[in-house]
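Here the sequence shown stands for residues 24 to 263, where the numbers follow this note's numbering.
Using N, Cα and C, we set each Cβ at its ideal position, and we do this for glycine too.
Have a look at the structure below, then the notes.
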Amino acid sequence: METVVDASTSEEANGSAVEKKPTVVFVLGGPGSGKGTQCAYIVEHFGFSHFSAGDLLRAEMNSGSENGLMIRSMINEGKIVPSDVTVNLLQQAMEESGNDKFLIDGFPRNEENRAAFEAVTGIEPAFVLFFNCPKEEMERRILNRNQGREDDNIETARKRFKVFLESSLPVVEYYESIGKLQKIDAARPIEEVFESVKTVFASINEKVKPHGRAQKKFTLLKLQLKWKMNLLRNGVCKGY
């Protein structure tokens, strides 16, 4: 049975089956660069499913399993979890989502991650969204966000930043070298950052969903149009 990751969906085109792979966007940036906040905006506006590699690893860590204990030890030491563990968690989440558009946040963290993901899933990212932010600003954000996470302290943050520079930055440079990197200045206010993000997603023909008051007005107009079309169809009124 085909899954969203193994073979995605197949559709008929000109009488032959054409494989349609899911759209995957990797989201990278140092700790505190604002990846999670911007991913939430992208989900709301563009209908992607968002999976944070870190959140999936923390959920497994908190499960109390042997695998989870290993993950806890490595994260507390600022180390990177083995690729097969992370890829398997991501693969399961994608298959269970029912969607075909995915933001994968905080992954791949190194070249091994990148190679493992492509080898296991057969999927290459549409592009990589990189939130570029100065170290000092990221440290300030981490200390101020107060989320109760074990890694929200300056010592662990600095370890994570060091790992990012040593392991993740080469991944960023690789995707830049093949023309798949979209770099965002993440030191600005949230709304300004998202304006840049929207421009990037517009380049892959993703439509922004109306929301708030705009969504209500749009829905009302659709209902009015449907009502008028029904009246015309039944011959009740003319002239619309």
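Return the CA-CA distance between residue i and residue j, expressed in angstroms with no decimal places.
{"i": "G165", "j": "F154", "result": "Looking at the sequence provided, one finds Ile at residue 165 rather than Gly. So the alpha carbons of these two residues sit roughly 15 angstroms apart."}
{"i": "V108", "j": "G59", "result": "21 angstroms"}
{"i": "F125", "j": "L80", "result": "17 angstroms"}
{"i": "Y198", "j": "A138", "result": "12 angstroms"}
{"i": "F71", "j": "P212", "result": "23 angstroms"}
{"i": "E196", "j": "F140", "result": "18 angstroms"}
{"i": "S190", "j": "E162", "result": "19 angstroms"}
{"i": "F187", "j": "K158", "result": "11 angstroms"}
{"i": "E134", "j": "N99", "result": "22 angstroms"}
Please state if the CB of residue j and the CB of residue i are separated by a distance shorter than 9 angstroms.
{"i": "G20", "j": "V50", "result": "Absent from the model: residue 20. The displayed extent of the chain is 24 to 263, so no value can be given."}
{"i": "I65", "j": "V194", "result": "no"}
{"i": "F184", "j": "P54", "result": "yes"}
{"i": "S88", "j": "N136", "result": "no"}
{"i": "V47", "j": "I146", "result": "yes"}
DSSP beta-bridge partners for residue i?
{"i": "I127", "result": "F49, F74"}
{"i": "K206", "result": "F153"}
Within its chain, find whatever has a CB closer than 8 angstroms to the CB of residue i; leave out the 5 residues flanking it on each side and keep chain order.
{"i": "A63", "result": "H73"}
{"i": "A76", "result": "T109, L112, L113, I127, D128, G129, F130, R132"}
Specify, as a first and last residue, the run of the alpha helix (DSSP H) that residue i falls within.
{"i": "V186", "result": "177–186"}
{"i": "N136", "result": "134–144"}
{"i": "N90", "result": "89–99"}
{"i": "I65", "result": "58–69"}
{"i": "I213", "result": "213–225"}
{"i": "P193", "result": "192–200"}
{"i": "E147", "result": "Note, E147: premise wrong, no alpha helix (DSSP H); not H, not E."}
{"i": "S120", "result": "106–120"}
Take residue i and list the residues in its own chain whose beta-carbon comes closer than 7 angstroms to its own, dropping the five residues that flank it on each side.
{"i": "A209", "result": "G52, S56, G57, F154, N155, C156, V216"}
{"i": "K206", "result": "F153, N155"}
{"i": "K203", "result": "P148, F150, V151"}
{"i": "I227", "result": "A149"}
Taking 6 angstroms as the limit between beta carbons, can you name the residues of its chain near residue i, skipping five residues before and five after?
{"i": "M97", "result": "V104"}
{"i": "R95", "result": "M84"}
{"i": "F224", "result": "F69"}
{"i": "S120", "result": "S72"}
Residue i lies in the beta strand (DSSP E); which residues open and close that run?
{"i": "V151", "result": "150–155"}
Using a beta-carbon distance below 9 angstroms, is residue i in contact with chain D?
{"i": "S88", "result": "Although the question refers to chain D, the structure presented lacks it and comprises just one protein chain."}
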